[in-house]
Amino acid sequence: MFFFPFKDDNPTKSTPIISYSIIAMCCLIYLFQASMSQNEEFFLIKNYGATPVLLINQTVSYWYSSISSMFLHGGLMHLGGNLVYLWIFGDNVEDEFGKFKFIIFYILCGIGAVIAQILFNVESNVPMIGASGAIAGTLGAYIVLYSRAKIFVFAWIVIFVKILKIPAFIVIGVWIGLQIMNVFDQGSSGVAYSAHIGGFICGVILTPIFKRKDTKIFTLKDNKSYISMDVENENSLKHIPKFGKDKKTKNNFWDL
Numbered sequence: 007m008f009f010f011p012f013k014d015d016n017p018t019k020s021t022p023i024i025s026y027s028i029i030a031m032c033c034l035i036y037l038f039q040a041s042m043s044q045n046e047e048f049f050l051i052k053n054y055g056a057t058p059v060l061l062i063n064q065t066v067s068y069w070y071s072s073i074s075s076m077f078l079h080g081g082l083m084h085l086g087g088n089l090v091y092l093w094i095f096g097d098n099v100e101d102e103f104g105k106f107k108f109i110i111f112y113i114l115c116g117i118g119a120v121i122a123q124i125l126f127n128v129e130s131n132v133p134m135i136g137a138s139g140a141i142a143g144t145l146g147a148y149i150v151l152y153s154r155a156k157i158f159v160f161a162w163i164v165i166f167v168k169i170l171k172i173p174a175f176i177v178i179g180v181w182i183g184l185q186i187m188n189v190f191d192q193g194s195s196g197v198a199y200s201a202h203i204g205g206f207i208c209g210v211i212l213t214p215i216f217k218r219k220d221t222k223i224f225t226l227k228d229n230k231s232y233i234s235m236d237v238e239n240e241n242s243l244k245h246i247p248k249f250g251k252d253k254k255t256k257n258n259f260w261d262l
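For the sequence shown, my numbering gives the first residue as 7, with consecutive numbering after it.
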């Protein structure tokens, strides 16, 4: 069985301006990247991607790259996969934390992801780029705050394609499980799985600090069955790419 999410049933009280702004910034920067020559893009990634060995050995001023790297991406699949997850899960976390605190939370999770990748491979001279370390932190927050919220997913079961509603703790739990399973294969895949895990852990740890005081965690969002079928009124859906990359990369950078 293969599945990927495309929306949730968890409405928000306010417009997620910060999440939308991050999505817009990432798209605009990617268009800027796409307009560059190969050498120009290499220079951009080298200087604004987060390279573990440089972060360890150079001055503190280079740590700006742990933030700038969050807005660079290695391709449309990389960009689209990351932003779909931010689109689905970021609005609720932003709604809970408030806009300013969500910015701080997002940046801290991204930095935490970079630190995790450094700890896993301190001598790496390969730049890390991508938003998924920070977005993994958002997933960590979501599972703490809305573990039983229903997520709509496309599910491919043998030759059948279905639309399912699955609790968030299953969808996100499967995702983090895959990151853990693949962490020792990241050298050949080009995906910084340890950064994903680090960002996710940061999100789980920081959520009790950033949430509203009266918000309970790990509560039942609803009392319906764990998994239900919902195939009505879903006629105009588009293909949503997977989170991150899933094939051996020929790039000279890590996809986050």
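A virtual CB, placed ideally from N, CA and C, is assigned to each residue, including glycine.
Quantities reported herein were computed from a predicted structural model and do not represent experimental measurements.
Counting C-beta neighbours from all protein chains within 10 Å, is the total for residue i 16 or more, i.e. buried, or is it exposed?
| i | result |
| --- | --- |
| Ile121 | buried |
| Ser130 | buried |
| Leu37 | exposed |
| Pro214 | exposed |
| Thr225 | exposed |
| Gln39 | buried |
| Ile124 | buried |
Might you give, ordered along the chain, the residues of its own chain that have their beta carbon closer than 7 Å to the beta carbon of residue i, omitting 5 neighbours on each side?
| i | result |
| --- | --- |
| Gly96 | Pro22, Ser25, Thr144 |
| Gln192 | Ala198, Tyr199, Ser200 |
| Thr18 | Asp97, Asn98, Asp101 |
| Tyr68 | Leu60, Leu61 |
| Gly186 | For the sequence presented, residue 186 should be read as Ile rather than Gly. So the qualifying residues of the chain are Ile203. |
| Gly55 | Ser71, Ser75, Leu78, Pro133, Met134, Ile135, Phe259 |
Determine, using beta carbons only, whether residue i and residue j come nearer to each other than 8 Å.
| i | j | result |
| --- | --- | --- |
| Tyr148 | Asn88 | no |
| Ser75 | Met134 | yes |
| Ile157 | Val180 | no |
| Ile51 | Leu78 | yes |
| Phe12 | Lys107 | no |
To the nearest angstrom, how far is the alpha carbon of residue i from that of residue j?
| i | j | result |
| --- | --- | --- |
| Trp93 | Ile29 | 8 Å |
| Leu184 | Ser195 | 13 Å |
| Asn16 | Phe10 | 17 Å |
| Glu100 | Ser71 | 24 Å |
| Asn239 | Leu170 | Confidence at Asn239 is low in this model, with a pLDDT of 42, below 50, so its placement is unreliable and no value can be given for it. |
| Val164 | Asn53 | 45 Å |
| Asn45 | Val90 | 29 Å |
| Leu212 | Asn63 | 28 Å |
| Thr57 | Phe166 | 43 Å |
| Ile223 | Pro173 | 15 Å |
| Phe48 | Arg218 | 42 Å |
| Leu61 | Phe190 | 22 Å |
| Gly81 | Asp14 | 26 Å |
| Ile110 | Met42 | 31 Å |
| Glu102 | Ala161 | 29 Å |
| Asn188 | Phe126 | 13 Å |
| Ile182 | Gly86 | 19 Å |
| Tyr112 | Lys168 | 33 Å |
Measuring CA to CA, which of the options is closest to residue i?
| i | options | result |
| --- | --- | --- |
| Ser27 | Gly205, Val189, Ile51, Lys105 | Lys105 |
| Ala155 | Ile163, Gly139, Phe175, Leu50 | Phe175 |
| Asp220 | Val189, Asn188, Leu151, Ile182 | Leu151 |
| Cys32 | Ile73, Phe48, Phe8 | Ile73 |
| Leu114 | Asp14, Gly209, Arg218, Lys168 | Gly209 |
| Phe8 | Ile182, Val159, Ile186 | Val159 |
Going by beta carbon distance, what residues of the same chain come within less than 8 Å of residue i, once the five residues before and after it are set aside?
| i | result |
| --- | --- |
| Ile207 | Gly118, Ala122, Gly146 |
| Val59 | Val128, Glu129, Ser130, Asn131 |
Beta-carbon within less than 6 Å of residue i's beta-carbon, same chain only, minus the 5 sequence neighbours each way: which residues are those?
| i | result |
| --- | --- |
| Ala142 | His202, Gly205, Phe206 |
| Ser231 | Residue placement at Ser231 is poorly supported in this model, since its pLDDT is 37, which falls under 50; the coordinates still yield a value, given next. The answer is none, since no qualifying residue turns up. |
| Gly139 | Gly116, Ala119, Ala201, Gly205, Leu262 |
| Ser153 | Ala174, Phe175, Phe224 |
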